[in-house]
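The structure under discussion appears below in the form of structure tokens.
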Amino acid sequence: MQTKRLNLVDTAWLNVETPNAPMQVGGLLTFKMPDDAPADFCERLVAHWRRFSVAHRPWNQRLRTRRLRNVVPEWELLDEIDVDYHFRHSALPSPGGEVELGTLTSRLHSHPIDFEYPPWECHLIEGLENRRFALYLKIHHSLIDGVAGMRLLARAFDGTAQTRDRPPFWAVEPKKRRRRPPEAHRPGLYRAAAQMISGTRDQVTSLSGFAGVVRDMLRAARSGGNAMGLPFAAPSSVLNGRITAPRRYATQLYSLAELKGLAQGAGGTVNDMVLTICGTALRRYLIEIDALPKKALTAGIPVSVRTADSDDEHGNAITFIISTLATDVADTRTRFETIAASTRAAKASLEKLSASAITQYTIALMSPYILSLVSGMAGRTRPVFNVTVSNLPGPRKRLFINGAEMEAFYPTSLVTHGQALNITVHGYADTLGFGFIGCRDSLPSLQHIAVYAGEALDELRQLYGRPAGQQARGETQRKTAPRARAKSGAGGSSKTGRKTTSGQSSAQTGAQTSKKTGGGKQAKTAGRKQAPSRKPDASGRSRKS
Numbered sequence: 407m408q409t410k411r412l413n414l415v416d417t418a419w420l421n422v423e424t425p426n427a428p429m430q431v432g433g434l435l436t437f438k439m440p441d442d443a444p445a446d447f448c449e450r451l452v453a454h455w456r457r458f459s460v461a462h463r464p465w466n467q468r469l470r471t472r473r474l475r476n477v478v479p480e481w482e483l484l485d486e487i488d489v490d491y492h493f494r495h496s497a498l499p500s501p502g503g504e505v506e507l508g509t510l511t512s513r514l515h516s517h518p519i520d521f522e523y524p525p526w527e528c529h530l531i532e533g534l535e536n537r538r539f540a541l542y543l544k545i546h547h548s549l550i551d552g553v554a555g556m557r558l559l560a561r562a563f564d565g566t567a568q569t570r571d572r573p574p575f576w577a578v579e580p581k582k583r584r585r586r587p588p589e590a591h592r593p594g595l596y597r598a599a600a601q602m603i604s605g606t607r608d609q610v611t612s613l614s615g616f617a618g619v620v621r622d623m624l625r626a627a628r629s630g631g632n633a634m635g636l637p638f639a640a641p642s643s644v645l646n647g648r649i650t651a652p653r654r655y656a657t658q659l660y661s662l663a664e665l666k667g668l669a670q671g672a673g674g675t676v677n678d679m680v681l682t683i684c685g686t687a688l689r690r691y692l693i694e695i696d697a698l699p700k701k702a703l704t705a706g707i708p709v710s711v712r713t714a715d716s717d718d719e720h721g722n723a724i725t726f727i728i729s730t731l732a733t734d735v736a737d738t739r740t741r742f743e744t745i746a747a748s749t750r751a752a753k754a755s756l757e758k759l760s761a762s763a764i765t766q767y768t769i770a771l772m773s774p775y776i777l778s779l780v781s782g783m784a785g786r787t788r789p790v791f792n793v794t795v796s797n798l799p800g801p802r803k804r805l806f807i808n809g810a811e812m813e814a815f816y817p818t819s820l821v822t823h824g825q826a827l828n829i830t831v832h833g834y835a836d837t838l839g840f841g842f843i844g845c846r847d848s849l850p851s852l853q854h855i856a857v858y859a860g861e862a863l864d865e866l867r868q869l870y871g872r873p874a875g876q877q878a879r880g881e882t883q884r885k886t887a888p889r890a891r892a893k894s895g896a897g898g899s900s901k902t903g904r905k906t907t908s909g910q911s912s913a914q915t916g917a918q919t920s921k922k923t924g925g926g927k928q929a930k931t932a933g934r935k936q937a938p939s940r941k942p943d944a945s946g947r948s949r950k951s
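Position one of the sequence shown corresponds to residue 407 (the working numbering), numbered consecutively onward.
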């Protein structure tokens with residue numbers, strides 16, 4: 407049986423796994439059935455996919471059972487997988503709403519993956535209103551990172567609405583890889599020793615580049631400036647304590663073209679816009695629960711170092727940069743400018759590094775955090791950064807399954823002790839799907855962060871939606887689009903007109919919370935209290951309970 411040794415980063419994801427913090431990522435994909443689809447469209451799709459028991463890498467990789475499995479772990483490549491375990495069929499009571507979908511997704515994402523199988527699951531969820539269904543995919547982070555995962559999914563789905571009966575994503579053969587020399591296939595300990603020896607020269611020559619980044623960080627620390635985000639410069643906050651197993655999940659969907667236009671008008675990047683939306687939303691949320699630190703929160707931003715022509719789409723190829731979120735600043739324009747300066751400084755330092763130096767930088771940056779997870783100290787010490795904010799590229803063309811068009815991709819990510827909230831953004835066609843996932847018990851009414859993200863976008867429209875010079879700071883203008891909303895208890899409409907989901911996972915999922923807020927208004931301090939519970943009445947409106 408073929409085997410493949412895990413690298414240091416992939417191994418780390420295995421070693422920090424706990425029952426309360428499973429290291430799994432994935433996504434919630436919603437689809438609209440074609441007009442001529444039969445009533446049993448989903449049943450036929452499930453029956454077709456379940457015929458494929460032969461899987462290809464990485465979907466056939468199972469952790470090899472052996473002594474010291476977590477010290478020198480290896481994947482073993484299976485000839486067939488248990489399709490009934492990996493691919494599951496669920497249904498919401500029709501017509502299923504966004505709340506029910508979010509609640510189910512929260513519950514599914516809370517459960518750890520079984521390592522007796524290749525570490526992934528796929529759930530087809532039918533019964534959504536307006537002839538829609540969803541796919542929820544859960545993958546252990548040691549198997550694959552988000553960028554590679556979306557590449558594989560995009561290649562497996564159809565590029566046109568006319569294609570029918572295509573095999574499922576796990577049965578699609580990977581791209582042919584360049585042939586490696588025979589010594590690259592040597593098994594176990596011999597291969598590990600050979601790779602360490604052959605890489606020694608590269609590691610030594612990359613030390614100068616790595617040392618340069620360290621000098622940049624020390625220089626920034628001595629100057630007292632906050633342009634370049636520094637590790638362990640983050641304040642302690644409610645986001646950085648111990649967590650429990652239940653999750654709460656909320657989403658938003660925005661127009662990529664609009665964010666590009668706003669970024670251009672502001673003189674920054676789309677990622678700067680995303681971070682400003684997140685920083686503004688977090689500031690308002692933390693004010694609401696009376697937990698805003700005086701010092702600015704910082705964000706750890708995963709950066710893919712996987713090249714566009716990389717022939718290896720498995721495992722992880724990411725590093726991190728750190729940026730301020732400027733949550734100590736009340737003015738939104740100043741917050742954007744501060745964030746943009748911070749990300750420019752971080753990227754400039756990263757660009758100086760070779761591939762080997764980037765590996766050293768990543769290990770040096772993340773090792774203290776990983777050690778704190780392994781030792782049980784995470785959530786009890788100062789965090790490396792306060793929150794992870796990922797912005798992942800996605801396919802620009804529309805994708806289909808048997809003629810059903812994919813409407814949106816909402817990412818789901820992981821939270822850990824010391825990192826109770828994760829915000830991941832994923833591109834698809836001309837949209838950006840935001841996924842907010844966090845510990846339900848650590849962050850009361852987490853869905854309010856998604857609400858405030860919509861209000862933050864309203865402010866950015868007011869600031870940068872007109873040509874430069876035509877609008878003064880803080881000037882109020884007529885809204886250009888409806889405010890995005892995220893609720894538990896009702897689906898919220900976004901700028902693109904599609905609905906958002908919000909849910910929680912717990913033994914009792916009936917109680918949901920939501921809060922209506924005025925567009926662009928500052929949230930009031932409310933202490934650590936839950937908003938009043940609201941339930942949808944027969945008309946679909948929310949009422950207090």
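We put the beta carbon where it would ideally sit given N, CA and C, even for glycine.
Item                                                                                                                                                                          : Value
Pick helix, strand or coil for residue 516, following the three-state DSSP scheme.                                                                                            : helix
Using the Cβ count rule (16 or more neighbours within 10 Å means buried), how would you classify residue 827?                                                                 : buried
One question on the structure: do residue 727 and residue 745 come within less than 7 Å of each other, judged by their Cβ atoms?                                              : no
Counting Cβ pairs closer than 8 Å, one from the stretch 805-813 and one from the stretch 769-777, do we hit at least three?                                                   : no
Closest to residue 683 by C-alpha separation, out of 532, 777, 504 and 669, would be which residue?                                                                           : 669
Just to check my reading of the structure: residue 466 and residue 451 have Cβ atoms closer than 8 Å, yes? What is that Cβ distance to the nearest angstrom?                  : 22 Å between Cβ atoms; not a contact.
Does the distance from the C-beta atom of residue 543 to that of residue 433 stay below 7 Å?                                                                                  : yes
Which first and last residues belong to the beta strand (DSSP E) in which residue 467 is found?                                                                               : 467-469
Applying the 10 Å Cβ sphere with the 16-neighbour rule, what's the burial state of residue 677?                                                                               : buried
Give, in chain order, every unbroken run of the alpha helix (DSSP H) that is at least 4 residues long and sits entirely within the stretch 725-806.                           : 738-756 and 761-781
Which runs of the alpha helix (DSSP H) at least 4 residues long sit entirely within the stretch 489-576? Give them in chain order.                                            : 489-492, 504-516 and 552-562
Buried or exposed for residue 780, going by 16 or more other Cβ atoms inside 10 Å?                                                                                            : exposed
Cα separation between residue 518 and residue 530?                                                                                                                            : 18 Å
Look up residue 437 in the DSSP assignment and say whether it is helix, strand or coil.                                                                                       : strand
Does DSSP classify residue 581 as helix, strand or coil?                                                                                                                      : coil
Short check: CB of residue 856 to CB of residue 842, under 7 Å?                                                                                                               : yes
Using the three-state DSSP reduction, which class does residue 417 fall into: helix, strand or coil?                                                                          : helix
Going by alpha carbons, who is nearest to residue 480 out of 520, 413 and 500?                                                                                                : 413
Between the beta-carbon of residue 810 and the beta-carbon of residue 437, is there less than 7 Å?                                                                            : yes
May I have a chain-ordered list of the beta strand (DSSP E) segments no shorter than 3 residues that lie completely inside the stretch 636-682?                               : 653-661
Give me whichever residues DSSP pairs with residue 833 in a beta bridge.                                                                                                      : 838
Please say whether residue 866 and residue 832 have beta carbons closer to each other than 7 Å?                                                                               : no
I need the boundaries of the alpha helix (DSSP H) containing residue 867, first residue and last residue.                                                                     : 853-870
Is the CB-CB distance between residue 512 and residue 533 below 7 Å?                                                                                                          : no
For residue 849, name the three-state secondary structure that DSSP assigns.                                                                                                  : coil
What separation, rounded to the nearest whole angstrom, lies between the Cα atoms of residue 962 and residue 838?                                                             : Any question about residue 962 goes unanswered here, given that the chain covers just 407 to 951.
Determine whether the beta carbon atoms of residue 732 and residue 795 lie at a separation below 7 Å.                                                                         : no
Evaluate residue 516 with the Cβ neighbour count: other Cβ atoms within 10 Å of its Cβ, from every protein chain shown; 16 or more gives buried, anything less gives exposed. : buried
Going by Cα to Cα distance, which pick from 557, 571, 859 and 752 is closest to residue 801?                                                                                  : 557
Taking the CB atoms as reference points, tell me whether residue 699 and residue 748 lie closer together than 7 Å.                                                            : no
Grab the span of the alpha helix (DSSP H) containing residue 449 for me, first residue to last.                                                                               : 447-455
If you compare alpha carbons, which of 829, 537, 575 and 461 is closest to residue 656?                                                                                       : 829
What would DSSP say about residue 690, mapped onto helix, strand or coil?                                                                                                     : helix
Look up residue 685 in the DSSP assignment and say whether it is helix, strand or coil.                                                                                       : helix
Reducing DSSP to helix, strand and coil, say where residue 707 ends up.                                                                                                       : strand
Pick helix, strand or coil for residue 408, following the three-state DSSP scheme.                                                                                            : coil
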